[in-house]
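Under the numbering used here, the first residue of the sequence shown is numbered 940, with each subsequent residue one higher. Ideal placement from N, C-alpha and C gives every residue a C-beta, glycine not left out. Accompanying notes for the structure given below.
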Amino acid sequence: MPEIPDLEAYATYLNKRLPGLTVVEAEAPIAWIVRAGREEFLQRMKGQTFKPVYRHAKLLLFPFESGDFLVVHAMLAGRFQYVEPKHRRRSKTAWILHLDNGMDLRYFDDRLMGRTFLVREEEFAEHVPRWTEMGPDVMSPDLDEDGFVAVMMKGRGMIKNIITKERMVAGIGNAYSDEVLWEAGLHPFRKRTDIPEEDLRKLFHAIRDTMAWATPIVTELTEEKGLPVRMYRDHLRVHKKGDEDCPRCGHRITSIKSGGSETNFCRGCQE
Ligand SMILES: [Zn+2]
940 MPEIPDLEAY ATYLNKRLPG LTVVEAEAPI AWIVRAGREE FLQRMKGQTF
990 KPVYRHAKLL LFPFESGDFL VVHAMLAGRF QYVEPKHRRR SKTAWILHLD
1040 NGMDLRYFDD RLMGRTFLVR EEEFAEHVPR WTEMGPDVMS PDLDEDGFVA
1090 VMMKGRGMIK NIITKERMVA GIGNAYSDEV LWEAGLHPFR KRTDIPEEDL
1140 RKLFHAIRDT MAWATPIVTE LTEEKGLPVR MYRDHLRVHK KGDEDCPRCG
1190 HRITSIKSGG SETNFCRGCQ E
C-alpha cells in the first residue's frame, strides 16, 4: 500500500508533469472504481486543467482549475502510470486521462480495492468515505507534539494499532509503522497505557524524522525509475527485514505475521 513517502513521491513526480495540462478525453474501462459513474466521469473530466497534486492521509488529491477534484484512495494495489498512449494497457486499468501534451495519465488496480471520487471540495465530507471521521494527518503542520500526545492518550491497546488507525492519526500504514516504532525504540505490541508520555513525545519526532528521511529517498527512486508497481522499500530498516540484523544493535529482526500483514521489530532495541 502506498504510504506517506510513496504518495509524496507520486505528488512530486506528477507535479513536474501535470500542472497546466488539460484532459482531452477520458476513458473508464473499469467504471465502478470511479464513484461518479462512467458517463459523468467521461463528460466531466473532458477539458479539466490540472493544478498541483497533493497528499492527504492515504489519499492523493488531483485538483482542477474548475474546482473539481479527483480523490484517489489507492488501497493496496492502486497505481498510476504517466505514459505514452501506445504503452500497453494493463488489464486492470480503471481509468485513463488523455492529456493535451499527448501523454496518458492512467490508474490501474490489480486488486480492484481502490476508489476514485470525482467531487468538489465541499462534497468531500459527504462522498469521500471516512473523511470526517479521520484524525489529523500525522504530518500536518497543525499537529504539534502536544496535539499528538493528546490524540495518543485517547487510544487503547497496542501502540502499532493506534498509530495505524486513521481515526487517531491519518497516514501511517503497516510498513512505516514498523519503521517509526523502530526509530522510537518502542515495541509494536506494547500497550499505550504502559508507555510514558515522554516516550510518546519521542514517537512524534520519530514519525516526523522517519518520513523526512524516507520521502526524498523514495522521491529520487521514483524520478529515476518511474512510478512504481511495487513500492520502493529496500531502504527500510526493519519492515520486511525479518531474519536480517538490526542496523542499530545487530540483534536478529523479528517477523510476526497475522491476518495477511507482517510486523517486524527488533527485540534487542525496541522495548
Ligand atoms: Zn535493534
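- Proximity to residue 1203 across 975, 946 and 1126 peaks at 1126, based on C-alpha coordinates.
- Within the region 1010-1048, the complete beta strand (DSSP E) runs of at least 3 residues fall at 1017-1022, 1032-1038 and 1043-1048.
- The set of residues with a C-beta under 5 Å from any non-hydrogen atom of ligand 1 comprises 1185, 1187, 1188, 1190, 1205, 1207 and 1208, given in chain order.
- For residue 965, the closest alpha carbon among the candidates 982, 1074, 1109 and 952 is that of 982.
- Where residue 1177 is concerned, there is no enclosing beta strand (DSSP E), because DSSP gives it neither an H nor an E.
- The alpha carbon of residue 1008 has as its nearest neighbour, out of 1016, 1056, 1039 and 995, the alpha carbon of 1056.
- Runs of the beta strand (DSSP E) lying entirely within the region 943-973, each at least 3 residues long, are 962-966 in chain order.
- Scanning the region 1118-1175 for uninterrupted alpha helix (DSSP H) segments of 4 residues or longer gives 1136-1164, listed from N- to C-terminal end.
- Selection 953, 1209 and 1199 evaluated against residue 1186 yields 1209 as nearest (Cα-Cα).
- The residues 1101, 1107 and 1131, in chain order, have a CB closer than 6 Å to that of residue 1094 in the same chain once the five nearest residues on each side in sequence are set aside.
- Judged by beta-carbon spacing, residue 1086 lies beyond the 8 Å limit of residue 1109, meaning their Cβ atoms are not closer than that value.
- Looking at the DSSP output, residue 1058 sits in a beta bridge with 1008.
- For residue 981, no beta strand (DSSP E) segment is defined; the enclosing uninterrupted segment is the alpha helix (DSSP H) at 977-984.
- Distances from the CA of residue 1156 to each of 976, 940 and 945 were compared; the closest alpha carbon is that of 945.
- Residue environment: residue 1067 is assigned as buried (16 or more neighbouring CB atoms within 10 Å of its CB, all protein chains considered).
- The Cβ-Cβ distance between residue 1194 and residue 1184 does not fall below 8 Å.
- Residue pairing of residue 1196 in beta bridges, as defined by DSSP: 1201.
- Residue 1063: member of the alpha helix (DSSP H) spanning 1063-1066, first to last residue.
- Residue 960 and residue 1038 do touch by the CB rule: their CB atoms are close to 5 Å apart, below 8 Å.
- Rounded to the nearest whole angstrom, the C-alpha separation of residue 1044 and residue 1035 is 6 Å.
- For the pair residue 990 and residue 1114, the Cα-to-Cα distance works out to about 30 Å.
- DSSP places residue 1184 in the strand class (E or B) of the three-state scheme.
- In the DSSP assignment, residue 1003 falls outside any beta strand (DSSP E), carrying neither H nor E.
- Our two residues, residue 1137 and residue 1097, have alpha carbons roughly 17 Å apart in a direct line.
- The shortest CA-to-CA distance from residue 958 to any of 1002, 1059, 1123 and 1012 is the one to 1002.
- Distances from the CA of residue 1166 to each of 979, 1024, 1047 and 1010 were compared; the closest alpha carbon is that of 1047.
- By the neighbour-count criterion, in which 16 or more other beta carbons inside 10 Å mark a residue as buried, residue 1120 falls on the buried side.
- Distance from residue 1051 to residue 969 at the Cβ level is roughly 7 Å; contact confirmed, criterion being Cβ atoms closer than 8 Å.
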